[in-house]
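Enquirer:
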Amino acid sequence: MSTYEFPMRPVPAVGAIVFRGSQVLLVRRRDPPSQGRWSIPGGAVEVGETVEQAVVRETREETAVEVRPREVVAVADFIEKEGARIRWHYVLVDLLCVHIRGEPFAGSDAENARFIETRELGDLDLAPIGLRVIEQALIARREGPDA
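Going by our numbering, 347 is the number at position 104 of the sequence shown; the sequence numbering is gapless.
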């Protein structure tokens, strides 16, 4: 069982939206809560770590890709119940990040990691909230100075 399963309080977490040209970086989750599904890289914020530090670390751990956080594009809750109990509760802070270097290689809790063409996202088992966040990041990327 994960440390964050059946939490006593919400778990702060980050997600990295990383574009390279017309592609976005995704991981296929090896472990619950989104086991087998594609998602943006990310995970829980550790004690003493800023949101920016967490997104850099999580992206490196899950994909071996180095990024620079640019801006927050979304804040959302992921809540999943099992009967009357809360099985998972993450408060997700999703950041648009600039790809610095590296080719994706699946690490930590990812079974696959790769850059995927944005036009192919509809063909993947990607959570609807993930798709919305990527769309929000595409808008922020077009409006920003250095993506």
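A virtual CB, placed ideally from N, CA and C, is assigned to each residue, including glycine.
#1: For V334, which of helix, strand or coil comes out of DSSP?
#2: Applying the criterion that 16 or more other CB atoms from any shown protein chain within 10 Å of the CB defines a buried residue, is V327 buried or exposed?
#3: Cα separation between R311 and C340?
#4: With burial defined as no fewer than 16 other Cβ atoms inside 10 Å of the residue's Cβ, what is the status of E305: buried or exposed?
#5: Since Y349 and S277 should fall inside the 8 angstroms C-beta cutoff, what is the C-beta to C-beta distance between them, to a whole number of angstroms?
#6: Per DSSP, which residues does D320 bridge with? Please list them.
#7: In whole angstroms, what separates the C-alpha of L269 from that of T361?
#8: Please classify G387 as buried or exposed, where buried requires at least 16 other C-beta atoms within 10 Å of its C-beta.
#9: Assuming the contact rule is C-beta atoms closer than 8 angstroms, V254 and H342 should be a hit. Round their C-beta distance to whole Å, please.
#10: I believe A383 touches E314 by the beta-carbon criterion, under 8 angstroms. Please report the beta-carbon distance rounded to the nearest angstrom.
#11: Suppose contacts are defined by Cβ-Cβ distances below 8 angstroms. Is G345 in contact with A307 by that definition?
#12: Thinking C-alpha only, which one of T302, E378 and L367 is nearest S351?
#13: Using DSSP's beta-bridge definition, name the partner residues of Q266.
#14: Whole angstroms is fine: what's the gap from Y247's alpha carbon to R273's?
Expert: Put simply:
#1: strand
#2: A quick correction: the sequence has Ala, not Val, at residue 327. Exposed is the call here.
#3: 5 angstroms
#4: buried
#5: The sequence given here has Ala at residue 349, not Tyr. The beta-carbon distance between A349 and S277, rounded to whole angstroms, is 14 angstroms. This is too long to meet the 8 angstroms contact definition.
#6: V334
#7: 10 angstroms
#8: Exposed.
#9: Not a contact, Cβ separation roughly 27 angstroms.
#10: 6 angstroms
#11: Cβ distance < 8 angstroms, so G345 and A307 count as in contact.
#12: T302
#13: R263 and E360
#14: Rounded to the nearest angstrom, the two C-alpha atoms are 15 angstroms apart.
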